[in-house]
Every structure is written in structure tokens, then in C-alpha cells.
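Notes follow the structure.
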Amino acid sequence: MGRVVIIARILPEDAETPPESIVEKVKSSLPADIYEVLKSKIEPVAFGINAIYVWIAMPETLEGGTYDLENRLSAVEGVSQVDIVSVSRLIE
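Going by this note's numbering, the sequence shown opens with residue 4, and the numbers climb by one from there.
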């Protein structure tokens, strides 16, 4: 079974929310048997807001594609917006 890597762009609700805490909440909210957080990167956007980019591996055969992942990420406390930036097949 192949896997894909999703790059998700997460925007916090406000500038006071530490991006590192959102990354930790994302890691703990995703079931480890389906999703694997590979890495994350924080980039300044504007007015003190930081975008959080998270690379997540998941099975390519997962029904619904990225729909479940987007819903799980959006439900994390402190998250305002989630955008899927990229989906690529993972070569292992």
C-alpha cells in the first residue's frame, strides 16, 4: 500500500497563540495508525501571525482523500484556517 504526503497550511486564530503549541496539538489529535507528522515549519505571514506548514503522511487508499484530515486539523483548538497546499506520492 502506498502513502502520500500532504502539506497543510494552518493559520492560528490570533497572533498570541504560540505556533509550537498548535503543532503539538495537531500531533496529538491525529490517530498514529493512519497519520504520521513528518515535519513542520513556521513562516511569518503578517501582523505577528505565523503560518504553520505541516507535512503529514497518510495511506493513499484512505476513503475520502484529505477530507478527514482537513476536518481533524480544523477541529484543533486555536486553529482558524486549514488549506491543503500539496499532495504527493511518498517514495519509500
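Every residue, glycine too, gets a C-beta built ideally from N, C-alpha and C.
Rank the options by C-alpha distance to the C-alpha of residue i and give the top, closest one.
i, options, result
"ALA62", "GLU46, TYR38, GLU80", "First, the residue type needs correcting, since residue 62 is Pro and not Ala in the sequence shown. For PRO62, the nearest C-alpha among the options comes from TYR38."
"LEU14", "ALA35, ARG6, SER24", "SER24"
"ILE87", "ARG12, VAL7, VAL8", "ARG12"
"VAL57", "THR64, LEU65, GLU19, LEU72", "LEU72"
"VAL29", "PRO47, GLU19, ASP36, SER43", "SER43"
According to DSSP, simplified to helix, strand and coil, what is residue i?
i, result
"GLU46", "strand"
"GLU39", "strand"
"PRO22", "helix"
With distances taken between CB atoms, is the gap from residue i to residue j smaller than 8 Å?
i, j, result
"VAL40", "ILE59", "yes"
"VAL79", "ILE55", "no"
"ASN53", "PRO22", "yes"
Next on the checklist: Report the start-end ranges of each beta strand (DSSP E) in the stretch 43-89 that is 3 residues or longer and not cut off at the edges.
Outcome noted: 52-62
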